[in-house]
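Notes follow once the structure below has been shown.
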Amino acid sequence: MINEESVILVVTARPRTESLDKARSILVEAAPVVHQEKGCQLYAHHEGAGGSLVTIEKWASHEHLVAHANSPTTVQMTRRLQPLLQGPVDVTVLKAISSGFSQGSL
918 MINEESVILV VTARPRTESL DKARSILVEA APVVHQEKGC QLYAHHEGAG GSLVTIEKWA
978 SHEHLVAHAN SPTTVQMTRR LQPLLQGPVD VTVLKAISSG FSQGSL
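Under the numbering used here, the letters of the sequence shown match residues 918 to 1023, in that order.
See the structure below:
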């Protein structure tokens, strides 16, 4: 069953080639703290082709997402990542479509 209030994000950052290791370590360092934030249902980092760093997030509600976005951990992480990136971060906000099966949702 899908929680209608949940918010899912796909966040893609594209570090400069020489900054990939540093950017990856910043994300990994922040993850344990974010996992403890109220409303965090999923916060997982992935590396895509060409060195893109993709974070898939699921928050219990929009309010939890806003609290996360304004948390000291997220503000500091963003501040540290910005100079390492080729350009702005892409953020896609998703809402689940029920397919009747638990395997069909995050």
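The beta-carbon is built from N, C-alpha and C at its ideal position, and this holds for glycine as well.
All values derive from a computational prediction rather than experimental measurement.
Proximity test, residue i beta-carbon vs the ligand SAH heavy atom, cut-off 7 Å
{"i": "Q1003", "result": "No copy of the ligand SAH occurs in the structure displayed, which carries no ligand at all."}
Boundaries (first-last residue) of the beta strand (DSSP E) holding residue i
{"i": "A984", "result": "Element bounds for A984: not the beta strand (DSSP E) but the alpha helix (DSSP H), H979 to A986."}
Three-state class that DSSP yields for residue i in the structure shown
{"i": "A1013", "result": "coil"}
Of the residues the options, the one placed nearest residue i, counting alpha carbons only
{"i": "L1001", "options": "A940, W976 and A961", "result": "A940"}
{"i": "S988", "options": "S969, H952 and T1009", "result": "H952"}
{"i": "I925", "options": "S936, Q958 and A966", "result": "Q958"}
{"i": "A966", "options": "G956, V1008, L937 and G1004", "result": "L937"}
{"i": "A986", "options": "R933, E922 and A947", "result": "A947"}
{"i": "H962", "options": "V927, G956, T995 and D1007", "result": "V927"}
Extent of the continuous alpha helix (DSSP H) run through residue i
{"i": "L1002", "result": "First-last for L1002: undefined, no H or E at that position."}
Residue i classed as buried or exposed, judged by whether at least 16 other C-beta atoms fall within 10 angstroms
{"i": "I1014", "result": "exposed"}
{"i": "H981", "result": "buried"}
{"i": "P949", "result": "exposed"}
{"i": "K1012", "result": "exposed"}
{"i": "A930", "result": "buried"}
{"i": "T934", "result": "exposed"}
{"i": "S942", "result": "exposed"}
{"i": "T972", "result": "buried"}
{"i": "E974", "result": "buried"}
Which full runs of the alpha helix (DSSP H) of 4+ residues lie inside the region 932 to 979, going along the chain?
-> 937 to 952
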